Each structure stands twice: as C-alpha cells, then as structure tokens.
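Residue numbers are given in full-length UniProt numbering: position 126 of the sequence shown equals residue 126, and the series is strictly consecutive.
Notes for the one structure printed next.
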Amino acid sequence: MKVPLYPLHLLALRSAGRRRRCPKETLCSVAYPWLITLDVFYSHSGSYHLRTWCLGGIPIYSFFAYSSISGVEIAQLKLVNCFSFIQNNGMARYGPVKRFISDLSLPNSNVFAKLLQSCFESKSVEGGRRVHARVIKTRFASEIFIQNRLIDFYAKCGSLDDALRLFDKMPERNTFTWNAIINGLCKAGLLDEAELLFLEIPDPDQCSCNLMISGFSQYGRFGEAVTFFCQMHFENFELNMYSFSSALSACAGLTDMKLGAQIHGSIMKSSFSNDVYMGSALIDMYSKCGNAVDAQSVFDGMVQRNVVSWNSLITCYEQNGPADKALQLLVTMMESGMGPDEVTFASIVSACATLSAIKEGLQLHACVIKSESFSDDLVLSNALVDMYAKCGKMKAARWIFDQMPARNVISATSLVSGYAKASDVDVARLMFANMSEKNVVSWNALISGYTQKGDNFEALQLFIQMKRESFCPTHYTFGNILSSCADLADLYLGRQVHGHVIKHGFRFEAGPESDVFVGNSLVDMYTKCGSVQDGSKVFKTMGSRDKVSWNAMIVGYAQNGNADEALTLFGKMVMCGINPDNVTMIGVLSACSHAGLVEEGYKYLRSMTEEYGLLPQKDHYTCMVDLLGRAGRLFEAWEIIESMPVEPDSILWGSLLGACKVHHNVEMGELVAKKLFELDPNNSGPYVLLSNMYAEMERWADVKRVRKLMRQQGIVKQPGCSWVEIKGRVNVFLVKDKSHHQKKEIYRVLQLLTAEILLDEYCF
C-alpha cells in the first residue's frame, strides 16, 4: 500500500509552516494524512469551522490532531484506534509511521497497554516490539503494570523467548506476572515448565490453579489435571465455573464417571447448580463416559437451556446410541423454539450415517442448503460426505467433496473408507495416494478394504508400508491384519504380527480405547491356523474378556475337534454370568457334532429357547443335521429339516446328502438330491455326490444318466484347486489353469519334469 500524497495540501502545510510554527507531529500523520494535516493547519490558521468539518470526516484520529478538542483521555483512545488501523493495513513498514511510534510522548502507561492490545488483536509481534522499545525509553519501563502487559502480550503471541527474557529480568513480580507466563507456557504445550514455575509462585491464586487444570486437560494429561483440581479443593481455593468445567473435561478424557459424579455433587452444592454452561459441561462429561441415562437426567433438570445444551445431548445419543433418539431430540428442539446450528446438523447427519437413514439424511442436507450460512462449514461438510459414503451413495459423497471450499484429512478419509466398503478398492487406493496428508484412520480404512475384498497379501503389504512411514498401528489395524493372517492360514506370519502387538503394548484390557478386540483377533487367528494351544494362551492372559473372546475360543476348540474343551469352557462362561448368544451356541453344537454327542446336542438346542431366550437359526439346525448325519440318524435329520420354522436352504440339504453318501442310503440321497436340484440347479456338487453314490453301488446306468443330465443342463464340475505360497505370496492354481502371469515358465518347467519322468528307468 502506497501512502497517498496530495500536493495541494502539502502546499497548504508549507504555507502554515511559514506563517506559524507547525509542530513536528504533523509530518508524521498517516492513514488519512491529508485530513489530519488539514486539521493541524486549520487549527494553527484559526479556521475552526473548516477544522471541525475536517475532523468530522476522519474515521480514525491521531492523538495530536484530536487532543485540543476532546482532551487527553479521548485522544489516547483515538490513538489506539489509529495504531490498530496502521497495523491492520500493513502501514507499519513506512518510515513516517516508525517515526510516529518513536516520537510518542504519553502521560501514562495505560495507552501503552492499549497499544499492546491492538498489536495482539492484529497479531503483530513486531508492532509490539516497537511499543516495547518505546516503553524502555520512558519513565514507565520499571512499572510492574506495563511489564506484566508486555509479558502477557508476548506469551499470547507465542513469543515465549521474549516473555521469559523479560520475566527473568523483572526485579519484582506479582501474581499476575506468574499467571501471564504460566498461561503462555500452557498454551504452547510446555506443561512441565509451567508446573515448575507454578511451584515457585509465592502465593498462587484461583487463576493459577485454573490455568494448570485447563492446560493439562487440553493437552490430554487428564490425570494431572484432576490432581491439580483435587489439590485446589483440599487447599480451600474458591472453585469457579472455569475450575469445574476443566475438571469435568478431564474426567471425560479419563472416562472416570465415578469422579465426574463426585464433581457433579460439588456443583449441585455450589451457586453454579442452575448455570446453563455448567449443565452443558455435565452432559458432555456423562456422554463421553457412555452414560446417556445420566446425561438425559441432567438435561431434564436444567432450568434454562441453550443450543449448546441441546447439542451436547444430541451428540451423546449419536455417539452412544440409540442414534434414532438424536433425531427425535432435533424435532423436540425445534418445537421448543430453539434453532439448530452447524454443530446440531453435524451430529444429526452423523446419526443418520450410523442408522444408514438416507431419507432423513437427504432432508437434513436440504435444510443445510437452505440455510446458506452453514453450507461452507468444514465439520458439517465432512459429516455429509461420511453419511453418504456409509449409506453407499458414493456419487453424492464425491460431489459434496468436490464442492467443498476447504478440505482436510477427515474429508478424504471418509471417501477412502466409503470406496473401500463399497468394494471399489482401486478408486480408494487412488484417492489415498492423492491425499496430501494421511493419518492412521485413512490407512486403516484402506487396509480394511483389502481385507474385506479378500486381497490379504495387499493388506499385509500396506501394513508394512504404514510401519515404514512411522504411523503407529491401532487396535483396528491389528484386527484387520490378523484377520488376513487367519484367512491365509499363515501361522508364521500371524506370530510375527503377534510380536508387533506385544511391541506396541497392547494388554487386551477394556477402556475408552479398548484393545480387547486385538486379543479376540489373536485367538481367532491362532485357532483358524490350527494352533489351539497358542489361542488358549492368549485367551488366558487377556486382562479383560468380553463375549466375543469366549465365543472365539469355544468356536476355535470346536473347529479343531477339541469338543470336551469347548463344552467345558462353555460351562465356565455361563458360571461367570455371561449369557451365550447365537454364535456361542453354534460353537457348542459344532463341538457336539465333532464328538458325536447326539443327546447333548438335543439338550443344548432346547436350552436355547428354554434357558437363554434365543431363537434357533439356520446355522444351529445345520449343526444338528450334521450331528445326526454323522451319527447315522438320517431320518431324524430329515424330520428336523422338515419341522424347521424357517425355510431350509441348500446348505442344510447338502449336509444331509453328504451324510447319505457316507452311510450308503441311496433312496434318501435321491430325495435330497432332487430338493437340491430345485434349490440350486447350477451347482455341480449334488450331481457329483449322487453320481458317486451310484458308482459305489455299481449302478453304472444311473451314473451315466446323471452325467448326461449335467451335460444337458450345461453344468460343469468345479475344477480342483491348489494353493502354493512363495515368498509370502499365495498363488492359486486351478486344473488346466492358464491365467497365471508366469504360465509360460510354469508349463515349460512341467514339460521338462515330464520328460525327466519318462526317461527315468523306474517309469513304466
């Protein structure tokens, strides 16, 4: 910006200077320099009516231009306004402005304090330093008041070196001095340094303690925040809203509802019990501790509510469930006359994402578009992208993403996750590669996509790349990677991943970031890889177990033929007061099937409805049919299928057909095969089984008839398949397979081997 010059008024200035001595301050006038110049000129020339007109046109005033009319105090205020204008418009670099600051001669230090405040508001550290330099030249340099203001200014602007340097040189300090420097250190995250200074304060006050509690809470050191709060309470400091709100935030971070409830009790005894902001803080604390009941109770007891109160409770139900309650609250909120803001909409949109409620989500999106003030909100836009992605509407999600004026890592991660869940992993990978900033959530989303697709090798490669780029895996990362190891049945690789789990300090304990999920994944991986002993060791060493942990171990025992261990563990589970679910009973019935325990199987099937209130599903009946089929009780198996409350599928009939082949019951086998031909006419399995049954009975005409029927129906037997692992990559080969990328080399080696075999002297 160039300072404008007006020749006519410069001539007027020279004229005034010749007629009367004009003060040097005139030469330093800026901003609207010609108006201020005219003001001084008309003042010295005696043209007061023109001078009044001139001042009326000045939006900001120089101290020197205004002091003769309104007095020193008003002039000081106008000087601050002028200085603020100078800072905000980038004029501080011009020589006249620098001289303006250096030539200041003010009656007291209040104006310097106001100038420092102006510098802080315009984020001008250099401007503050110039004011500081001028202070040093005045009689106010030793005043503790202005020194405190300087420390406060430097600390708030993040210039801690300047603040500490001035702090160390101060011959005298008061509580404000200590609080100002501690506040700066806390905001910069230097909490240990702040704590050391706090311990040196001769007489800490309420503000000192609140600063420490807030600082520790904001930077996630919740335990220390609670310690300071308790110390403040025991030393009889007066607790205010700031103290309580920071302590509640720490309790929320620790998910320590017991301590939060105690603080709640203290609040109810204080004068803040009916304060709307305190009520909102309590709702937020209970919400983050997962207690929607108490959050609702606090909300219901509030005498007054604001939009923050409503938002806190809506977010509580969105995060803790039931999510549909959040939608109901929005309706109640609007009926009460309280209008939603962008936070409300973001929470409700997230609730729609949880519920996959695309209809309600579309309605909310329409409301957002109508209220133009919210359309550019980043958090709300991210919520909309996430909602459409979770509802499978990837085109809509991408459209919103492309329209966003600003994006962050959350925006892109929502798209990556959406594409991955929609099995469009290639697009997700491309989106991931184009992300300027990645976080562990985006890595997890892509790894999960490859795991769900069944491309386990690529998931493992991504995990290795993630580690190389120094991202710390979470319990979600290890859950997906262990699932890939289980699908590959690669015990060696699974043990390597287990080593990483131990290295990252997972203890398989419940909590806000529960890693029990990782322990469950390890149990599942080991049992699927056939190492039941390793799975059992992990299960026994888990610091905390949930129902999934018990289910994984019971099913693992059953799948590996350890029926006695499975049933014994089921008994222990019930004794621990954990009610079984449908997955548990599948493991129990499967164990009975492997052990041939028919009567026990019947008993457990009945207990589902009689003792545990569970309705048997198809999988449970399949286990019973398999159990009866293995025992040769084919007619009972037939009766179970016919009496099922649900329609039997091809898996059930297929299980019975396999049992018919084992026990050479051709007559029933023909009936079952006929059922399968109707249910799944394109499946070659029943045809092959029936043909093999006829072949075992040497009924060759029937074998020929089945083969002919297969040709007429265009049914081809599924080719055999084999897996070969080379350097960690699993290669799949089918009979007469020519799709492998190394097929030429493979068939060349096969030809060489065939030739060697033919030349061998032992070959017939």
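Every residue gets a Cβ at the ideal spot worked out from N, C-alpha and C, and that includes glycine.
In this text, all values refer to a predicted model and were calculated from it rather than measured experimentally.
So is residue i buried or exposed if we call it buried at 16+ other beta carbons inside 10 Å?
i, result
"S470", "exposed"
"C367", "exposed"
"K528", "buried"
"V343", "buried"
"Q363", "exposed"
"K503", "exposed"
"W399", "exposed"
"W723", "exposed"
"D426", "exposed"
How would you write the range of the alpha helix (DSSP H) that residue i sits in, first residue to last?
i, result
"I464", "N456 to R468"
"Q617", "Looking at the DSSP string, Q617 is not in any alpha helix (DSSP H), and its letter there is neither H nor E."
"M170", "M170 -> no alpha helix (DSSP H), and no H or E assigned at all."
"M394", "M394 to Q403"
"N320", "V307 to N320"
"S245", "M241 to L254"
"H500", "L491 to K503"
"D524", "V516 to K528"
"L689", "G685 to E696"
"D649", "Looking at the DSSP string, D649 is not in any alpha helix (DSSP H), and its letter there is neither H nor E."
"S411", "V409 to K421"
"D192", "L191 to E200"
Assuming residue i contacts residue j (C-beta within less than 8 Å), just tell me the rounded distance between them.
i, j, result
"A659", "G685", "Actually they do not touch by this definition, with Cβ atoms about 14 Å apart."
"G494", "Y450", "Not quite, the Cβ-Cβ distance comes to about 17 Å (not below 8 Å), so this is no contact."
"L211", "N183", "5 Å"
"K156", "F120", "6 Å"
"F228", "F216", "7 Å"
"E172", "I144", "6 Å"
"D203", "T177", "So it is not a contact: roughly 12 Å between Cβ atoms."
"L415", "A396", "11 Å between Cβ atoms; not a contact."
"V538", "G556", "That pair is no contact at about 10 Å."
"Y154", "G189", "At roughly 17 Å, the Cβ-Cβ gap does not stay under 8 Å, so Y154 and G189 are not in contact."
"D524", "K547", "That pair is no contact at about 14 Å."
"L676", "S650", "6 Å"
"I447", "F457", "About 12 Å; that fails the 8 Å criterion."
"N311", "G290", "That pair is no contact at about 18 Å."
"C186", "A194", "5 Å"
What does a CB cutoff of less than 7 Å around residue i pick up in its chain, not counting 5 residues either side in sequence?
i, result
"V716", "S684"
"S655", "T622, V625, D626 and G629"
"Q751", "none"
If I measure Cβ to Cβ from residue i and keep anything under 6 Å in the same chain, skipping five residues before and after, which residues do I get?
i, result
"D376", "P405"
"residue 778", "Here the chain has residues from 1 to 764 only, and residue 778 is not among them."
"A558", "A566, G587, S590 and A591"
"I641", "P648 and L652"
"H594", "G561 and A563"
"A250", "S217, F222, A225 and V226"
"R748", "none"
"V379", "A346"
"G128", "L116, C119 and F153"
What did DSSP end up calling residue i once you bin it into helix, strand or coil?
i, result
"C289", "coil"
"C230", "helix"
"C119", "helix"
"F733", "strand"
"S280", "helix"
"Q391", "Going by the sequence as given, residue 391 is Cys instead of Gln. Reduced to three states, the DSSP call for C391 is coil."
"residue 851", "This structure leaves residue 851 out entirely; the chain is present only between 1 and 764."
"C721", "strand"
"M338", "coil"
"A631", "coil"
"I578", "coil"
"I369", "helix"
"H663", "coil"
"V72", "Legend: pLDDT at V72 = 39, less than 50; position of this residue unreliable, value from coordinates given subsequently. In the structure shown, V72 sits in a helix (DSSP, three-state: H, G or I)."
"T451", "helix"
"A406", "coil"
"N382", "helix"
Leaving out five residues on either side along the sequence, give the residues of the same chain with a beta carbon under 8 Å from the beta carbon of residue i.
i, result
"R633", "V598"
"S309", "V276, G279, S280, I283, F299 and M302"
"G530", "A489, L491 and N560"
"D515", "H475, F506, R507, F508 and E509"
"I746", "H740"
"M697", "H664 and V666"
At a threshold of 8 Å, does residue i count as lining the ligand MN (C-beta to nearest heavy atom)?
i, result
"A247", "For the structure depicted, the ligand MN is absent and the ligand set is empty, with no information on it obtainable."
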